[in-house]
Each structure stands twice: as structure tokens, then as C-alpha cells.
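Just below is one structure, and these are the notes that go with it.
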Amino acid sequence: MEPLSRSNSTSSPPAILRAVKLTKVYGHGASAVHALRGVDLSLVRGELVVLLGPSGSGKSTLLNILGGLDQPTGGEVLFDGQPLSDADDDRLTRFRRERVGFVFQFYNLISSLTAVENVALVTEIAANPMSPREALDLVGLAERANHFPAELSGGEQQRVAIARAIAKRPEILLCDEPTGALDSQTGVVVLEVIERINREVGTTSLIITHNVSIAGMADRVVTMADGRIVEDRVIETRVAPSAITW
Amino acid sequence: MLDVKLMRDLWRLRGHVVAVALVVASGVALLVMSLSALTSLSATTDAYYQRQGFAEVFAGLKRAPERLATRIGAIPGVQTVETRITAFATVDMEGISEPVTARLVSLPAAGREPLLNRPVLRAGRMVDAGRDDEAILHAPFAEANGLTLGDGLRILMNGKLREVRVVGLALSPEYVYAIAPGGLMPDDRRFGVIWMAREALAAAYDMDGAFNDVSLSLLHGVPPEGVIARLDPLLERYGGTGAVAREDQASNWFLQNELAQLRTMATILPTIFLVVAAFLTNAVLARLIATERREISLLKAFGYSNAAVGWHYAKLALAMALLGVLLGWVLGAGLGRYNTELYSDFFRFPFLHYGPSGAEFAISAVVALGSALAGAASAVGRAVALPPAEAMRPPAPAGFRATLVPEGLARRLDTPTRIVLRQIARTPLRSLVTVAGVSLAVAVLVTALQWGDAIALMVRSQFSDSQRQDMIIAFHELRADRARHDLSRLPGVMSVEPMRIVRADLRAGAHLHRGALTGLPRDAWLQAIHDVGGWTLPVPPGGVVIGSALAAKLGVSPGDRISVEVLEGAHPRFSIEVAAVFETWIEMPAVFALDRLNREMGDPPAFDQAGLLVDPKVQDALFETLREIPGVSAVVVKRHAVATMFETLGETILIFTSFFVVFACALAAGVIYNAARIALSERARELATLRVLGFTRWEISYILIGETALLVLVGLPLGCLVGWGLAMLIAEAFATELYRVPLTVLPPTFGTAVMIVLAASIGSAALVRRRLDRLDLIAVLKTRE
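As you go down the protein sequences, you meet chains A and B in turn.
Heads up, the numbering used here is the position in the first sequence plus 31, with the first residue counted as 1.
Heads up, the numbering used here is the position in the second sequence plus 30, with the first residue counted as 1.
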């Protein structure tokens with residue numbers, strides 16, 4: 032067990048986000064569904080973690096709770112040492128607004144805003160954002176800045192979504208099946224962007240996927256099944272996303 | 031099976047359904063209310079007139095021998111002749127210092143039942159034949175003055191004070207709208223009708239074997255004009271003042287005028303609501319069909335025909351409208367009944383036929399369902415036209431362009447505001463419907479609320495700018511000029527101004543107006559020729575100054591000549607030049623110099639009315655003295671006239687205004703709810719995304735409601751403008767010879783209308799906003815729209 036505080040422990044690097052004995056039960060009585068059955072997980076600053084697992088394994092539920100979208104039934108989430116589990120709606124909103132970047136499977140761009148405006152939407156309410164142009168530059172879409180989502184390909188839309196997620200300089204980037212709606216070739220481009228952000232900006236990143244091929248690009252691969260973490264494996268040598276195919 | 035889907039759709043869309051139904055219901059209710067009140071009042075009036083033998087021609091004269099009745103009866107087309115003795119008199123009542131005027135009307139001699147204009151006894155009995163101390167009072171007059179059977183009152187008849195006892199209370203078709211001569215509104219406290227035995231009036235007014243009033247009924251289908259043309263010359267040498275047909279009889283004229291206004295209401299207002307309802311139906315269906323593309327294609331793939339699919343969605347529109355129709359029927363029938371009762375109370379009908387013909391229900395249903403179908407047509411057409419394969423694919427992502435807002439400005443706007451502007455620009459038609467709905471709600475309110483402004487202005491113009499005297503005294507007979515000095519010596523009288531009004535036919539070319547000539551002294555200032563523009567015209571030495579409505583009716587302008595036939599005295603005929611035309615809202619005045627009028631009439635300097643300026647402190651002493659003066663037929667106190675006008679109109683307007691407030695709120699709420707709800711259904715995913723990205727509830731509320739709010743903000747001032755136009759339309763439709771409602775809307779009226787619609791919009795938007803608290807943030811992470 033790691034210490035609970037964000038102390039300068041020499042035994043392990045400081046955890047930015049920690050889940051302790053998380054449980055989540057939907058419904059009750061005979062029809063209760065145990066989505067999480069006691070999950071312990073720590074994300075260390077700067078690391079890129081891939082969370083693998085089949086549908087229904089509980090990985091999305093875990094991401095929702097880590098991202099402050101849902102409350103656990105039991106256990107605790109600590110962000111930077113502070114408990115999130117008992118936060119009210121306002122605090123969770125502030126948490127998402129200031130500390131977390133989200134990337135969705137279906138991009139979820141605002142269709143009435145151009146690429147740069149979709150990024151600006153977030154930078155306008157963030158405390159210490161990069162400029163929207165800079166964010167688009169990081170995902171390699173500076174020249175598409177003034178296009179509306181309807182004028183962009185799926186891969187481009189997902190890169191805009193990533194730019195939007197990282198523009199506020201979040202401490203953690205949560206990606207939910209970021210390549211799920213993309214073909215392999217486009218998916219790789221998106222993964223490259225995530226990898227580059229992690230490497231260059233140092234944003235702690237958690238990628239949820241059921242695509243095992245992606246695992247190679249991570250520092251660590253966590254595998255879930257039936258609401259539990261069944262494997263937590265450190266990758267010695269990260270593989271470049273360009274080398275990944277599926 | 032499709033019907034099961036229909037029922038579920040209706041339940042799922044219940045918010046929309048209710049919103050559309052409310053607007054439809056408002057339109058239907060207005061239509062049913064107006065039409066059923068109209069039908070009922072017309073039927074009641076007709077039955078009342080028929081039962082009580084309401085005459086078709088009325089004529090007043092000075093004095094004619096009874097045998098003239100036979101000659102009148104011989105005029106072709108005349109069915110029944112009834113002669114009467116009528117007179118204006120002042121009434122003295124215990125505890126009331128102010129002068130009260132009554133119209134005395136004779137009942138046939140020897141206790142015979144009147145042939146025409148039969149009063150309806152509400153209490154007591156008819157007067158006994160020959161009794162000169164019994165009277166029947168017009169019921170509203172008795173009520174207003176707290177008189178009942180057995181009470182006594184004193185009437186100053188031809189200079190002699192006579193004590194009479196109330197033996198009956200009655201209503202009459204002739205006085206449905208009991209209005210004092212020259213009055214604008216019934217004032218039951220100060221003007222009433224008193225029926226007495228013919229013998230009593232004959233003795234008091236020296237009318238033995240004579241009459242001074244005649245009413246006729248005509249054979250079926252005989253137009254009154256021909257009969258009047260023969261009657262007038264017959265009465266001329268007996269001081270006839272020109273006969274009028276039933277349509278110009280004061281009470282009936284007012285009544286018919288009200289019915290005409292109801293008819294106008296029945297056309298203009300429901301149309302507004304039903305047109306908006308049609309557009310709402312369209313918006314709701316268009317959105318539903320957009321979200322059900324897959325289901326539609328599936329239905330078609332299963333082999334449902336285009337007609338079946340189209341009919342399915344058309345039924346949805348019809349169901350929404352039908353709910354509104356049913357609601358509107360119930361509401362409209364209730365309001366129609368209430369409205370009819372209100373009118374019959376105001377008009378004093380002895381009975382009430384509230385019998386909607388059924389046609390108003392049928393008409394309103396056909397119109398409402400028709401407009402819903404018309405509104406649904408294009409949306410349903412789109413569903414029908416959707417090829418099955420096409421429908422299986424998701425709709426192309428919404429294409430957006432930069433807004434109409436210049437980029438320079440757009441750059442300065444925050445991103446949420448840009449979302450709002452682009453959404454509006456992307457759905458211009460829907461935005462337009464919202465703006466139109468809001469502005470029509472404001473317009474309806476402005477129209478309803480401005481009546482108060484208009485009437486206040488009318489009253490001010492009439493009673494303070496035009497009539498500056500405190501009271502007007504009218505005499506039975508002409509008074510010699512020197513009588514002025516007698517009046518000025520009465521207690522508290524500070525100034526006296528003579529006046530003379532003669533009934534006259536005014537002609538220019540083929541145009542005729544049966545009205546009056548008003549003679550004013552050249553230096554008149556108590557009774558002024560006041561133009562509503564704010565200036566006063568002098569009494570011209572030679573020509574006549576006429577109101578613009580009269581100028582329009584006669585087709586004359588300054589410099590033209592009018593030929594006059596006075597309907598009194600020796601019926602002099604002369605021609606005068608139009609010296610000036612002035613704008614006035616009340617009546618159709620023709621003002622002439624008093625000395626010229628007297629000369630044309632062949633009389634020495636004289637007057638028959640006088641305006642007085644009175645010291646209010648000694649007013650009661652003046653009233654006391656006036657009661658004693660013989661020959662006074664009426665005393666009109668201005669203060670009372672103003673108060674009565676406001677009271678009567680105020681009550682009616684308040685009731686109508688509250689109807690309109692409810693309907694306008696339903697309109698605004700319905701439109702806003704639908705707009706916000708559709709926006710939410712289209713944008714729920716984006717809004718949830720923003721919540722995930724860290725936007726607060728209020729920040730996403732701004733994006734959702736901002737669009738609707740902006741449209742409301744555009745709609746409000748536009749509504750004021752449309753309201754102005756609608757008020758103008760209605761003012762024009764309501765204009766009559768007696769009064770023209772001025773078009774004036776005071777700032778507080780606009781303010782009130784705007785605040786009411788704003789409140790309804792906010793309430794309705796808040797209802798939708800609450801759903802943002804229940805957005806499913808997790809679902810958007812996984813699902814495609």
C-alpha cells in the first residue's frame with residue numbers, strides 16, 4: 032500500500048489520482064448490479080496508463096468516478112490528496128473545469144462552433160489555459176482552425192476534442208475509447224497526439240479501451256474484469272503509436 | 031400498432047402537446063366565446079324585441095291631435111301606430127341633492143296594454159287607469175337609487191311638483207341601453223325612465239287629445255326609409271323633429287354596435303392564436319420526425335405505405351389540436367356564457383337565451399384542426415418523402431456558417447454567446463415563429479390594455495378640453511336671452527354660457543346626415559370647439575365648423591356648402607359654408623354661431639341650454655334652487671358624467687383585459703415552452719458535454735435559454751409595434767358615428783404588456799431549464815446521437 036498523503040515519499044512517486052477500495056452498485060436488492068467491487072488504483076504524475084477490459088468490466092464506471100461525473104457507492108477517490116467522493120455538485124464541476132480533460136468516443140464537439148472556438152469554449156473558463164491556437168497546433172490542426180465540425184473528418188474532430196481537453200493544461204487527461212469510432216489509420220494519428228501531449232506537456236493520461244493493441248504505448252497497463260482490477264503491469268519500453276496496428 | 035406508438039408519442043411529448051393545445055385552446059375559446067355570445071345576444075335581442083313589440087320607426091314632435099294617428103296609420107307599409115306623451119322632467123328624491131332627470135313615458139289611456147314598446151314588469155303592477163299619482167320605474171333606475179315598490183318620489187312636471195308612488199318596476203326594449211339625451215353612457219343613478227298613465231301626463235303637459243311621440247311597426251319586409259319619407263312631412267307642421275328608424279334608435283344603436291364589436295373580435299383575435307398554433311405544430315412535428323428518421327425508415331421497410339406513415343404523423347398533429355379544441359370548447363362555452371350574462375346584465379335583458387347554435391363549436395373545430403393540419407403538412411411531407419435507405423443513415427451533421435454578426439463583433443463575444451447566435455441563424459424559420467409568437471402575445475395585450483388609455487384620453491378630450499363648464503342645464507322651451515342674467519344670479523354660479531341645439535338634416539350632394547346643429551356664442555369658452563390635436567377653433571361668424579367624421583360622411587371640406595333642413599320649429603331650410611373641419615372623437619358635431627342660428631330659425635336671441643361654471647362649495651344650494659325653477663328638463667353634472675363613463679367602461683374593460691391576459695400568457699408560454707424544449711432536445715448532448723467539460727448548470731442554462739431569451743427580447747419591442755398596428759385595426763373596426771376610439775398607447779401600457787409576456791416566458795423557460803439539472807452526463811460519453 033502506498034501512503035495516503037501526497038508526501039514526498041521516496042519509496043514511490045506522488046500519486047495525482049488515487050482510488051481506494053472503490054465500489055459501485057447500481058440498483059438494489061436482487062436486481063443490484065455490482066459495477067465495481069473494490070478497486071484500488073493510483074495514477075502517478077506524468078504517466079500514461081491504458082485501462083483495458085471487455086464491455087461490462089467496469090472500466091467506464093471507474094472513469095466516470097475518477098472524472099467526477101459519478102459518485103462511488105463505497106471507497107474513496109483522492110485527487111492530489113483531497114477526497115473527491117463526498118464533494119457536492121459545485122465542487123465536482125470545478126474539479127472537472129480546472130483539473131481534468133475529457134476525450135469522448137464520439138468527439139462531442141459543439142457543432143455550431145469552429146475548431147478554434149470549440150477549444151476557446153474551454154480556455155475562456157479555465158484559470159491558466161494555453162491559447163486555442165497553441166492547443167490546435169499541438170494536435171497538428173492549426174490550419175483547420177476555422178472549420179466547423181461538419182467540415183472535419185472523424186480523426187480531425189477527435190484531435191480537436193483532444194486540443195479542447197488539453198488547452199486548459201489539465202493535470203489529468205481521461206480518454207474514453209478515443210479511437211473507438213475511428214479506423215486504424217486515423218486512430219493511430221489520434222493516439223500519436225495523446226502520446227505527444229503526455230510526453231511534451233507531461234499530462235497524466237488514462238486511456239480506456241477494449242483494444243489490446245493500444246496497450247503497448249502505455250507506461251502501465253491496468254486490466255479490469257468483472258468490476259475488479261485483475262492485472263496491473265508496467266511496460267518497460269513504450270511502443271510508438273505509429274508502430275501500432277489493429 | 032401505430033396507434034400504440036401514437037399514444038406513447040403523445041405521452042412522451044406531453045409538454046409540447048400541452049403547449050400547443052393551450053394555444054389552440056385560446057384561439058378556440060376566443061372564437062367560441064365571441065360567437066356564442068354573439069349568437070346568444072342576437073337571439074335574446076330578437077326575442078325581446080319581438081315579444082315586447084319594439085317599434086320600427088320612432089318620431090318626436092311638439093303636439094299633434096290624436097286624429098293624426100289615423101292618417102299616419104294610412105301610410106303604406108305601416109302596421110301599427112302607437113301615440114304617446116313623453117317628456118323630460120327633473121325628479122326630486124329624498125336624500126339626493128343632485129339633480130336627477132327622467133324621461134316620462136305615457137302608458138295607453140284606460141289601462142290598455144301598449145301595442146308597441148311594451149315594458150316588462152319585473153315587480154308590482156301596471157298603473158291603474160286614470161291614476162295620476164302612480165308610476166312604474168325603469169328597474170335599473172330604481173335599483174341605483176334604492177327605490178322600491180310603495181316608495182314616493184316627486185317629479186317636477188311642467189313647473190308643478192307632483193308626488194307619485196312607485197307601483198311597478200319594469201324593463202323595456204326601448205331602453206336596453208338607457209341613455210340620457212346627449213349622454214355617452216347609461217347613468218342609472220341620474221337618468222331613468224318613468225311610465226305613467228296617459229291621463230296624468232296629458233293633464234300635466236296640456237296634451238289632452240294630443241300626443242308628442244309616435245312609434246310605428248311596419249308590415250313584414252317594408253323598409254323604413256319610405257315610411258319615414260312620408261311621415262316627416264306629415265309631422266312637420268306639428269313640430270316633428272324627424273323620424274328615425276329602429277337601427278338609429280339610441281338604445282338599439284348601442285346594442286347593435288356592441289354586437290358588431292363582438293363580431294370583429296371573433297374574426298381578428300382567434301386568427302392570431304390559430305396561426306401561431308399551426309406554426310407550433312409544425313415545429314414540434316419537424317423535430318419529432320428528425321429524431322425518428324430510423325423509426326420511419328423501419329416502418330417503411332416493414333411495408334407501411336407512405337400514406338400510412340403520413341397519416342400517423344398527421345394524426346399526432348390532429349390529436350394535439352383536438353385536445354386544444356376540447357379544452358377551448360369547455361373554456362369558450364363557459365366564457366361565452368359568462369360574457370353573455372355580463373352583457374345581459376349590462377343591457378338589462380329581462381331574460382337570457384344562452385343558446386350557442388352549435389355552429390360556433392363546429393366552426394372552431396374545423397378551423398383549429400385545419401390550421402393544425404396545414405401546419406403539419408410540410409413536416410409530414412418530409413416524413414413521407416424520406417426513402418427507407420436514406421432514413422437508416424443518421425442525418426448529416428448540422429452545417430453551420432459564421433453568423434450574420436460581423437466577425438469583428440463576433441470575436442468580441444464569448445463562445446457561449448456565439449453558440450446562441452449561430453443556433454438562431456441556423457433555424458431562421460423556427461426563430462421567426464418564436465419571435466412572432468412572443469410579439470403577438472405582446473400585441474394582444476397592448477391592444478387589450480390600450481382601451482383604458484384610449485378611453486381616458488377620450489374622456490379628457492371631451493370633458494376637460496372641450497366641455498369646460500361644470501354643469502349643463504337644458505330647458506323644455508326656448509329661453510329669451512335675458513334669462514342668462516337670472517341664471518347668473520343663482521347661488522354659486524360664476525359664469526353662464528348659452529347654447530342652442532336643434533335637430534337637423536345636413537345634406538351635401540347625395541349624402542345626408544340626420545343630426546344636429548349646435549349654436550354657440552361667438553365668444554364661447556365654456557363649450558369649446560376643441561380639436562384633439564390640442565387646439566381650439568373660434569366659433570365662425572358665418573359658416574359652420576364640423577367634425578372630421580361628419581366631413582367625411584358628407585364628403586365636404588372647408589369652402590364647400592352644406593344644405594340644412596332644421597327638424598324643429600318652422601323647419602327652415604338654408605345653406606351654409608363649411609368654415610373649418612376639426613378632429614373630434616365623440617359624435618359628429620356641426621357648430622354654428624348662436625345669433626345666426628336664432629336668425630335662421632326666425633327667433634329673437636334665445637337659448638335652450640346653458641353651461642354653468644359653479645363654485646363647488648355652494649353646489650348643493652344651487653341644486654336646491656334648480657329644482658324649483660320651472661322648465662328645466664335636465665341638469666348634467668360633468669363630474670358625474672366622467673365618473674359614470676369610467677365606471678361603466680372600467681368594469682367591462684377590466685373583465686376583458688383579464689381574459690386577454692390569460693390568453694396572451696397561454697400564447698407566450700406555449701411558444702416559449704416549445705422553443706426551449708425543442709432547443710433542449712436538439713442540444714441535450716452538447717449541453718451534457720459542456721457539463722462534463724466543467725461548465726456549471728447556469729452556464730449551460732445560458733446557452734439553452736439564451737437563444738430563446740434573445741428571441742423574446744426581439745419579440746417584445748416588435749410586439750409593441752404590432753400591438754400598435756392591431757390597436758389601429760381594431761380602432762378602425764370599432765369606429766362609429768358616436769365615437770371613434772383614439773389610437774393612443776401610453777408607455778405604462780407597453781410596459782405592462784411586456785412585463786406580463788416576459789413573466790410568462792420566464793416561467794415557461796424555467797420549466798424547461800429544470801430539466802438541465804437532470805441531464806445524464808454519463809450517457810453522452812458513450813452514445814452517438
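Yeah, the Cβ is synthetic: ideal placement off N, Cα and C, and Gly gets one too.
Quiz item: Given that Leu807(B) touches chain A, what residues does it touch there, using C-beta distances under 9 Å?
Solution: Going along chain A in sequence order, the residues near Leu807(B) (Cβ under 9 Å) are Asn95, Leu100 and Asp101.
Quiz item: Does DSSP put Met501(B) in a helix, a strand or coil?
Solution: strand
Self-check item: Alpha-carbon to alpha-carbon, Val666(B) and Val184(B)
Solution: Per the sequence presented here, residue 184(B) reads as Arg, with Val not at that position. About 19 Å.
Quiz item: In whole angstroms, what separates the C-alpha of Pro386(B) from that of Pro777(B)?
Solution: In this structure, the straight-line span from the alpha carbon of Pro386(B) to that of Pro777(B) is close to 39 Å.
Quiz prompt | Local conformation of Tyr57(A) per DSSP, three classes | solution = strand
Self-check item: Host alpha helix (DSSP H) of Gln639(B) (start-end)
Solution: Counted as a single uninterrupted DSSP element, the stretch harbouring Gln639(B) is not any alpha helix (DSSP H) but the beta strand (DSSP E) occupying residues Ala636 to Val644.
Quiz item: Beta-carbon of Phe110(A) versus every beta-carbon of chain C: anything under 8 Å?
Solution: The structure shown has no chain C; the protein chains it does contain are A and B.
Practice problem: Report yes or no: is there a C-beta of chain A within less than 8 Å of the C-beta of Thr726(B)? | Solution: yes
Quiz item: If you measure from the beta carbon of Glu187(A) to each beta carbon in chain B, is any gap under 8 Å?
Solution: No, Glu187(A) lies away from the interface with chain B (no Cβ there is under 8 Å from its Cβ).
Practice problem: Check the Cβ of Asp444(B) against every Cβ in chain A and list those closer than 8 Å, keeping chain order. | Solution: Glu155
Quiz prompt | Within-8 Å CB hit, Thr719(B) to chain A | solution = yes
Exercise. For my contact list, Leu261(B) and Val87(B) are in at a C-beta cut-off of 8 Å; report their separation, rounded to the angstrom.
Key: Going by Cβ atoms, the distance from Leu261(B) to Val87(B) rounds to 7 Å, so yes, they are a contact pair.
Quiz prompt | Cβ separation of Ala165(B) and Val196(B), assumed to be a contact under 8 Å, to the nearest whole Å | solution = 6 Å
Exercise. Using a Cβ-Cβ cut-off of 8 Å, state whether Gly105(A) counts as contacting chain B.
Key: no
Quiz prompt | Met524(B), DSSP secondary structure in three states | solution = strand
Quiz prompt | Residues that Glu148(A) contacts on chain B, provided the C-beta gap is smaller than 9 Å | solution = Ordered by position in chain B, the residues that pass the 9 Å Cβ test against Glu148(A) are Thr445, Arg448 and Ile449.
Quiz item: What is the residue span of the alpha helix (DSSP H) that Gly45(B) lies within?
Solution: Annotation: the continuous alpha helix (DSSP H) that includes Gly45(B) extends over Arg44 to Arg81.
Quiz item: Does DSSP put Arg276(B) in a helix, a strand or coil?
Solution: helix
Quiz item: Could you give the uninterrupted runs of the beta strand (DSSP E) lying entirely in the stretch 530-565 of chain B, keeping only those of 3 residues or more?
Solution: Whole beta strand (DSSP E) segments, 3+ residues: 541-550.
Quiz item: Asn159(A) lies in the alpha helix (DSSP H); which residues open and close that run?
Solution: Note, Asn159(A): premise wrong, no alpha helix (DSSP H); not H, not E.
Self-check item: Length-filtered (4 minimum) alpha helix (DSSP H) runs lying within the stretch 56-102 of chain A
Solution: 90-97
Quiz item: In whole angstroms, what separates the C-alpha of Ser38(A) from that of Asp111(A)?
Solution: In this predicted model, Ser38(A) has a pLDDT of only 39, less than 50, meaning its place in the structure is not dependable; the value taken from the coordinates is given anyway. Cα to Cα, the separation comes out at about 10 Å.
Quiz item: Going by C-alpha distance, which of Ser127(B), Thr682(B), Tyr343(B) and Asn242(B) is nearest Ile326(B)?
Solution: Comparing Cα-Cα distances from Ile326(B) to each of Ser127(B), Thr682(B), Tyr343(B) and Asn242(B), the minimum goes to Tyr343(B).
Self-check item: 7 Å Cβ shell around His383(B) - same chain, five flanking residues per side excluded
Solution: Ser70, Ala73, Thr74 and Ala77
Practice problem: Compute the distance between the beta-carbons of Leu353(B) and Leu315(B), then report whether it is under 8 Å. | Solution: no
Quiz item: On the three-state DSSP scale, how would you describe Arg175(A)?
Solution: helix
Self-check item: Tyr703(B) beta carbon less than 8 Å from that of Ala55(B)
Solution: Contact: no.
Quiz prompt | Residue span of the alpha helix (DSSP H) that contains Phe126(A), given as start and end | solution = Asp120 to Glu129
Self-check item: Interface partners of Thr124(A) on chain B, CB under 7 Å
Solution: Gly724 and Thr726
Quiz prompt | Start-to-end residues for the alpha helix (DSSP H) that takes in Arg323(B) | solution = Arg323 to Ala331
Practice problem: At 7 Å on the CB atoms, spell out the chain A contacts of Gln453(B), in chain order. | Solution: Chain A residues near Gln453(B): Ser143.
Quiz item: Beta-carbon of Arg715(B) versus every beta-carbon of chain A: anything under 8 Å?
Solution: So yes, Arg715(B) belongs to the interface.
Practice problem: Could you tell me whether the stretch 137-156 of chain A touches the stretch 90-100 of chain A, using the rule of 3 or more Cβ pairs below 8 Å? | Solution: no
Quiz item: Taking Cβ positions only, does Ala151(A) come closer than 8 Å to chain B?
Solution: Under the Cβ criterion of 8 Å, Ala151(A) is counted among the residues facing chain B.
Quiz item: Anyone know if the C-beta pair for Lys199(A) and Gly258(A) falls short of 8 Å?
Solution: no
Quiz item: Among the residues of its own chain, which have a CB less than 6 Å from the CB of Leu679(B), if the five just before and after it don't count?
Solution: Ile485
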